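*Asks:* Just so we're aligned: 52 in UniProt numbering is position 52 of the sequence shown, and the numbers increase by one with no gaps anywhere. So that we are looking at the same thing, I have put the structure below in structure tokens.
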Amino acid sequence: MQRTLPEPWKPTKAQILAAHSKRVPDLIAKNLLVLFAGINPGLYTAAIGHHFGRPGNRFWPALFAGGFTPRLFSPFEESLLLDLQIGITNVVERATARADELANDELRAGGRRLERKVKRWRPTVIAFVGIGPYRTISGNKDAGVGLQAESFGGSHAWVLPNPSGLNAHYQPAALAELFAELRLWALEHHQRQ
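This is the structure in structure tokens:
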């Protein structure tokens, strides 16, 4: 059955400004290989209603370069990820202009809500897209990129760098390598659960 996908469009400045505190629906199902957890939606993402939507965000290119998708998907094609056993959610649901607008208490509360979600849906891996928020949520100030020693909500926890174009610490080739490492590990452990 052919799925009808939304047509890509660009929001106006007014639509972006009006997106404060909007939410982007979860893309989630049972038996996911990986559930990616972004920090929270940015205003552009909330305005269009699709995860990692801002042009210049490197999530979609990293997903493709890491072997998760057969081609480069646009945010408007996110529903196709479920067929590949991939989901997306956020730690904090409300949209902000910048992630640093979120207080640590809000991140921790979002982490508790996310933990309940992970327990319900049981993905093989919950992949946090952002080191700093994961450190706040887990209480592990030394957490780094990669597989974490502690599980999260009964699933394996993995940390990836934030793919925002503002994160100059990780260039596209490094992101691709980290996403590929996650994919290979998740595939190997998916059948063992």
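Using N, Cα and C, we set each Cβ at its ideal position, and we do this for glycine too. Quantities reported herein were computed from a predicted structural model and do not represent experimental measurements.
From this set, Leu5, Gln171, Leu84, Thr69, which residue's C-alpha is nearest Asn57's C-alpha?
*Replies:* The residue with the shortest Cα to Cα distance from Asn57 is Gln171.
*Asks:* According to the neighbour-count rule (16 or more other Cβ atoms, all chains shown, within 10 Å of its Cβ), is Glu78 buried or exposed?
*Replies:* By the 10 Å Cβ count, Glu78 comes out buried.
*Asks:* Which residues bound the alpha helix (DSSP H) around Thr136?
*Replies:* Segment 131-138, the alpha helix (DSSP H) holding Thr136.
*Asks:* Give me whichever residues DSSP pairs with Asn90 in a beta bridge.
*Replies:* Looking at the DSSP assignment, Asn90 forms a beta bridge with Gly38.
*Asks:* In chain order, what residues of the same chain lie with their CB nearer than 6 Å to the CB of His190, ignoring the 5 residues before and after it?
*Replies:* So the qualifying residues of the chain are Leu33, Thr124.
*Asks:* Return the CA-CA distance between Pro25 and Ala37, expressed in angstroms with no decimal places.
*Replies:* Roughly 12 Å separates the two Cα atoms.
*Asks:* Kindly give me the distance between the Cβ atoms of Ala95 and Lys13, rounded to whole angstroms, as I take these residues to be in contact under 8 Å.
*Replies:* Not quite, the Cβ-Cβ distance comes to about 15 Å (not below 8 Å), so this is no contact.
*Asks:* Give me, in chain order, the residues of the same chain whose beta-carbon lies closer than 8 Å to that of Val118; leave out the 5 immediate sequence neighbours on both sides.
*Replies:* For Val118, where only same-chain residues beyond five positions count, the Cβ hits under 8 Å are Leu35, Ile126, Phe152, Gly153, Gly154, Ser155.
*Asks:* Taking 8 Å as the limit between beta carbons, can you name the residues of its chain near Glu106, skipping five residues before and five after?
*Replies:* Hits under 8 Å: Val92.
*Asks:* Roughly how many whole angstroms lie between the Cα atoms of Phe179 and Gly66?
*Replies:* Going by the C-alpha atoms only, they are around 5 Å apart.
*Asks:* Name the two residues that bound the continuous beta strand (DSSP E) containing Trp158.
*Replies:* Note, Trp158: beta strand (DSSP E), 156-160.
*Asks:* Tell me the rounded alpha-carbon separation between Leu43 and Trp9.
*Replies:* The straight-line gap from Cα to Cα measures roughly 15 Å.
*Asks:* Nearest CA to the CA of Gly139: which residue from Ala109, Arg116, Arg122?
*Replies:* Nearest of Ala109, Arg116, Arg122 to Gly139, Cα basis: Ala109.
*Asks:* Let me make sure I understand the geometry here. Which of Arg120, Pro61, Pro70 has the alpha-carbon closest to that of Lys30?
*Replies:* Ranking the options by Cα distance to Lys30, first place goes to Arg120.
*Asks:* What is the residue span of the alpha helix (DSSP H) that Thr45 lies within?
*Replies:* 43-48 is the span of the alpha helix (DSSP H), which, as asked, contains Thr45.
*Asks:* Along the chain, where does the alpha helix (DSSP H) containing Asn31 start, and where does it finish?
*Replies:* Where Asn31 is concerned, there is no enclosing alpha helix (DSSP H), given that its DSSP letter is neither H nor E.
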